[in-house]
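Numbering (UniProt numbering), first residue to last: 1 to 272.
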């Protein structure tokens with residue numbers, strides 16, 4: 001694939017700008033920055049993962065070493081298509097709502113699927129576990145798929161996720177954490193999207209109730225599973241509120257428009 005040098009420079013500058021903000025807000029903690037590339041072409045991703053040198057725009061002639069590794073997608077089909085075109089060194093994050101009947105195929109067809117951050121049922125976890133098992137090579141049977149349980153902290157009907165106050169949440173976390181029930185999965189933490197109004201308020205300096213709730217839920221889950229809290233990552237914060245999320249202890253943030261710019265309508269988006 002041919003990378004446009006001008007577009008690559010813009011993307012790299014945007015990424016650097018966001019990374020500087022992340023570094024300023026995170027303190028001394030390690031934080032994962034996920035570049036949300038949904039509805040953006042594969043060349044945009046390649047430009048950030050394998051930036052072209054100053055005198056070459058054709059990545060086939062020998063790109064520089066990888067620059068950014070973590071990319072997030074919202075649609076299973078789009079992620080699968082991009083993964084088939086791009087280097088296996090990319091760490092793919094499925095961050096959008098995922099239908100149960102698409103879980104096994106996604107985990108089976110994308111060996112470098114690093115994390116699924118939108119799991120809200122045991123059925124989805126079971127399907128992902130089967131898919132992961134099917135794609136493993138004999139020598140990497142211990143390479144578990146990271147799972148974040150999505151928590152609907154805002155209580156909005158339009159949002160996916162498990163209710164933070166339900167028995168279902170703890171049962172799901174136990175199910176994923178169990179070596180017997182989910183041997184190819186690892187409970188990596190909790191994720192929330194939260195209410196837009198609360199995100200806007202957080203960007204203006206107010207404490208985000210959704211972020212507070214997710215921290216409280218992590219404490220409850222860690223206590224119930226008898227594991228240290230720091231073994232469960234918090235994934236909260238997007239382009240509009242990631243600095244506030246980092247201030248509340250988020251371990252990863254998901255930034256799309258801040259890096260890639262405005263997205264096209266879904267029916268006009270092209271992978272290639």
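Glycine included, every Cβ here is placed at the ideal spot set by N, Cα and C.
- residue 250 classed as buried or exposed, judged by whether at least 16 other C-beta atoms fall within 10 angstroms: Buried.
Problem set entry | Whole alpha helix (DSSP H) elements within the segment 185-250, 4-residue minimum | Correct list: 196-203, 209-225 and 242-247.
Could you check the C-alpha separation between residue 267 and residue 35 for me, to the nearest Å?
-> Taking the straight line joining both Cα atoms gives about 21 Å.
Assuming contact is defined by CB atoms lying nearer than 8 Å, are residue 116 and residue 173 in contact in what I supplied? It is not a contact, given that the beta carbons lie outside the stated cut-off.
- C-alpha distance - residue 17 paired with residue 211, whole-angstrom precision: Put simply, the backbone Cα of residue 17 is about 24 Å away from that of residue 211.
Report buried or exposed for residue 223, applying the criterion of at least 16 other Cβ atoms within 10 angstroms of its Cβ. With fewer than 16 other Cβ atoms within 10 Å, it is exposed.
Open item on the list: Nearest by alpha-carbon distance to residue 120: which of 170, 133 and 77 is it?
Closed with: Selected option, being the one with the closest Cα: 170.
### Query
Which class does residue 149 belong to by DSSP, given the choice of helix, strand or coil?
The answer is strand: DSSP assigns residue 149 an E or B state.
Can you give me the Cβ contacts of residue 278 inside the same chain, cut-off strictly under 7 Å, excluding the 5 residues immediately before and after it?
Nothing in the structure corresponds to residue 278, since the chain is present only between 1 and 272.
* Asked: Going by DSSP, which residues form a beta bridge with residue 72?
  -> Listed as beta-bridge partners of residue 72 by DSSP are 36 and 93.
query = Is it true that the CB of residue 92 sits closer than 8 Å to the CB of residue 112?
reply = If you check the CB distance, residue 112 and residue 92 come in under 8 Å.
- Query: Looking at the structure shown, is residue 18 part of a helix, part of a strand, or coil, going by DSSP?
  - Reply: Residue state, collapsed to three classes: helix.
- Exposed or buried, which one is residue 196 when buried takes at least 16 other CB atoms within 10 Å? Taking all protein chains in view, the Cβ of residue 196 is surrounded by fewer than 16 other Cβ atoms within 10 Å, so the residue is classified as exposed.
What residue from 180, 89, 165 and 88 has the CA that sits closest to residue 126's CA?
Minimum Cα distance to residue 126 is reached at 180.
Worksheet item: Are residue 11 and residue 42 closer than 8 Å when you measure CB to CB?
Response: For the pair residue 11 and residue 42, the CB atoms are not nearer than the 8 Å cut-off.
**Asked** Roughly how many whole angstroms lie between the Cα atoms of residue 235 and residue 191?
**Response** Spanning the two alpha carbons is a distance of roughly 5 Å.
- Put residue 252 into one of helix, strand or coil per three-state DSSP. It is a strand residue.
>> Let me confirm a value: residue 52 is counted as buried when at least 16 other C-beta atoms fall within 10 Å, else exposed. Which label applies?
In response: Residue environment: residue 52 is assigned as buried (16 or more neighbouring CB atoms within 10 Å of its CB, all protein chains considered).
(Q) Please tell me whether residue 89 and residue 69 are closer than 8 Å, where the distance is taken between their beta carbons. (A) Taking 8 Å as the Cβ cut-off, residue 89 and residue 69 qualify as a contacting pair.
ask   = Pick from 87, 262, 208 and 109: whose alpha carbon is nearest that of residue 77?
value = Among 87, 262, 208 and 109, the Cα nearest to that of residue 77 is on 109.
request  = Look at the alpha carbon of residue 184 and the alpha carbon of residue 228, and state the distance between them as a whole number of angstroms.
outcome  = If you take the alpha carbons of residue 184 and residue 228, they lie about 21 Å apart.
query = What residue from 135, 28, 193 and 32 has the CA that sits closest to residue 241's CA?
reply = It is 193 whose Cα lies nearest to the Cα of residue 241.
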